[in-house]
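Notes follow once the structure below has been shown.
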Amino acid sequence: GVSNFDLEDMQELLETPGGRNCQANQVLYHLGSRGIEVALKPWQDQQQIPTIAYCPLAQAGALQRDLIQHPAVQQTAAELGISVYQVLLCFTLAQSNMVSIARGWWVVQATACYPTHRQNRAYERNCRLFDHSLERRTAG
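97 is the number that this note's numbering gives to position 115 of the sequence shown; each next residue is one higher, with no gaps.
The structure is reproduced here in structure tokens:
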């Protein structure tokens, strides 16, 4: 796999000998950083190259604070009975052809509210509602 390749880099990679063996592209992606949705992610999906989202919880000061305090994120978490961190993580996990990597204690933070047998149900509820709740509230 590769890391932080943009669309042009990925296209060039696939033209090189062995480039089609690329198994993934790891890029910054979270609810507050969605630029890859414009061209890179759709292209990678067409090429069947998975995207690995790093920092799905926006692990940086003010940006993360703004996201976890955003009314749509707060409301979605309350409606689903999950943490705001779970909302952020499930946003990336709900995308097709994507894997998310969260660092250390953030993973614990994101899943701590539910024992294991409830985590799957919470994840499924969250992902089912994303297209209709959070996306609608943050559009525009």
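Don't be surprised by glycine CBs; every beta carbon is placed ideally from N, CA and C.
| Check | Outcome |
| --- | --- |
| Inter-residue spacing [alpha-carbon to alpha-carbon] between residue 67 and residue 50 | 7 Å |
| As assigned by DSSP and simplified to three states, the class of residue 33 | strand |
| Outcome for residue 21 when other beta-carbon atoms lying within 10 angstroms are tallied against a minimum of 16 | exposed |
| For residue 10, the residue or residues it bridges with in DSSP | 36 |
| Segment limits, beta strand (DSSP E) that includes residue 81 | 80 to 83 |
| Distance between residue -11 and residue 72 (C-alpha atoms, nearest Å) | 25 Å |
| For residue -6 and residue 14, the rounded distance between their alpha carbons | 28 Å |
| Per DSSP, cross-strand counterpart(s) of residue -15 | 8 |
| Residue 82 burial status per 10 Å Cβ neighbour count (16 or more: buried) | buried |
| Minimum C-alpha distance to residue 37 - residue among 12, 28, 19 | 12 |
| Rounded C-alpha distance that separates residue 74 from residue -1 | 31 Å |
| Buried versus exposed call for residue 60 [16 or more other C-beta atoms within 10 Å across all chains shown] | exposed |
| Rounded separation between residue -4 and residue 84 - CA only | 28 Å |
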